[in-house]
Each structure stands twice: as C-alpha cells, then as structure tokens.
Amino acid sequence: MLTNLNNITAQSNNKLDNLGSVMESLRKKEAELKFINDALTSNDSISLLVLTNFKQTLGENANIKVERGSVIVIMDNATLFGANSNSTELQAGATESLSKIAGVIKANPDMAVTLEFHTDDALSWDIVYGQAASVTTIIGNTADVKAGRIAVSRKTDLSGSLYIKLHPDFNLFYLNLRQNMKK
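Each residue of the sequence shown is one higher than the one before, starting from 716 at the first, in my numbering.
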C-alpha cells in the first residue's frame, strides 16, 4: 500500500511538473502575442499621428490618403517638375512643399519612406531616377534622412504623379519580432 501511495505521489508530481512547463510555455506565447499586438497598435497610432501632421503642415486641401498602413502624399508631376514630363529640375514651389514634407519625415524617424512615381510608359528609368534624385536631395538635406530609409519605385499609369509614402519599416519590425521570439 505504501508503494502504491509513493507511485501515486510520483505520478502526481510528474503531472504537476508537466503542468508547470505547459503554463510557462503559455506565458511565453502570450508575451510574444502581446509584443506583436502592441507593435501593430503602435504602428496604427503612428500612422494617425503622421496623417494629422501632414494635414497641419500642408493644409486641409492637400491630397493625402491612408492605404495599407501607409500615409501617402500625392503630388502632381507638373507641380513638381513643370509641364515637361522629362524634366528632372524641381519648380520653385515644389521645393517649399517638399521641405514641409521633409519636416514631417524628420519628426518620424522610425518610418520608412517610399517615392512611388506614377508615369506613362514613355518615361525612361533614367528620368524617373533623375526626378527621384531631385526629390531625395530636398528631403535628405532638409530632414537629414539617411539614404537607406528612402526607396524608389515606379508604377505605369497615366496619373503623372508622385506618391510619397511614409510607412512602418517592416524590416525593422521583422527584426524586432525575431529578436523577441528568440528570448
């Protein structure tokens, strides 16, 4: 009888140990999920703040939208580079607007920047990169934005505009997430 009682106690202790390890595993998973949720919520809050900053800086009539977590300022290429779509030289008024945008970019150093040029097929990549260099020079000089923070892309359509996108730095988010999961 004493042997049976010892066996029951040993099994009970094993089950208690297993339960303790399961609970610890659940606590770890809960902490990981909380980190992900907090990061996503933080990105949404920052996007709302960036949208508000752009509206205050550029005015209520500025062409600004939010799409997939990105805050996007849409600028017409004619306003930026004049009537000649092949021009890479910024108009005088464009420099002032880009400087204001750069101020908002500077105030949000954790956000990545993408310059998305919407052009027709006739516009070469050389011209797009020349225009991107002009825009990047203003943003970089005004806001001290590091080159690695700005990406350039192109979409072919007839809108003839530049989308300046501020969005969470997903590479940084992924690295932070991976670091948190390793703990």
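Cβ atoms here follow ideal geometry from the backbone N, Cα and C, with glycine treated the same way.
| message | The alpha helix (DSSP H) that contains Ala798, what's its start and end? | response | Taking the sequence shown and counting its residues from 1, one reaches residue 798 at position 83. That residue, Ala798, is in no alpha helix (DSSP H); it is neither H nor E in DSSP.
| Exposure label - Ala798; buried when at least 16 CB within 10 Å | To locate residue 798, count along the sequence shown from 1; it is residue 83. So Ala798 ends up on the exposed side.
| field | For Asn891 and Asn792, the rounded distance between their alpha carbons | value | Your numbering for residue 792 matches position 77 in the sequence shown. Your numbering for residue 891 matches position 176 in the sequence shown. Distance between the alpha carbons of Asn792 and Asn891 is about 37 Å.
| request: With DSSP as the reference, label Ser876 as helix, strand or coil. | output: The residue you call residue 876 lines up with position 161 of the sequence shown. Strand, per DSSP.
| query | By how many angstroms is the C-alpha of Leu763 removed from the C-alpha of Tyr889? | reply | Position 174 of the sequence shown, counted from the start, is the residue given in the question as residue 889. Position 48 of the sequence shown, counted from the start, is the residue given in the question as residue 763. Roughly 21 Å separates the two Cα atoms.
| Can you tell me whether DSSP reads Ser868 as helix, strand or coil? | The residue given as residue 868 occupies position 153 in the sequence shown. Strand.
| request: Look at Arg864 and Ala822 and say whether their C-beta atoms are less than 8 Å apart. | output: Here residue 864 is taken as the residue at index 149 of the sequence shown, counted from 1. Here residue 822 is taken as the residue at index 107 of the sequence shown, counted from 1. No.
| field | Minimum C-alpha distance to Phe694 - residue among Phe750, Leu795, Leu755, Thr724 | value | Past the boundaries of the shown model lies residue 694; the chain is included only from 716 to 898, so the question cannot be answered.
| Which whole runs of the beta strand (DSSP E) in the region 730-811 are 3 residues long or more, in chain order? | 779-782, 785-791
| said: Please tell me whether Val819 and Phe769 are closer than 8 Å, where the distance is taken between their beta carbons. | reply: Counting from 1 along the sequence shown, the entry for residue 819 is found at position 104. Counting from 1 along the sequence shown, the entry for residue 769 is found at position 54. Against a cut-off of 8 Å, the Cβ pair of Phe769 and Val819 comes out as a contact.
| task | Inspect the CB distances between the region 867-887 and the region 733-741 and report whether three or more fall short of 8 Å. | result | no
| query | Among Asp753, Leu795, Glu782, Met790, which one has its Cα closest to the Cα of Ala807? | reply | Within the sequence shown, numbered from 1, the residue matching residue 807 stands at position 92. When each option's Cα is compared against that of Ala807, the closest is Leu795.
| task | Quick one: give me the first and last residue of the beta strand (DSSP E) that Ala827 is part of. | result | Within the sequence shown, the letter at position 112 stands for residue 827. Residues 826-834.
| task | Check whether the Cβ atoms of Phe750 and Asn895 sit closer than 8 Å, and answer yes or no. | result | By one-based count along the sequence shown, residue 750 stands at place 35. By one-based count along the sequence shown, residue 895 stands at place 180. Yes. Within cutoff.
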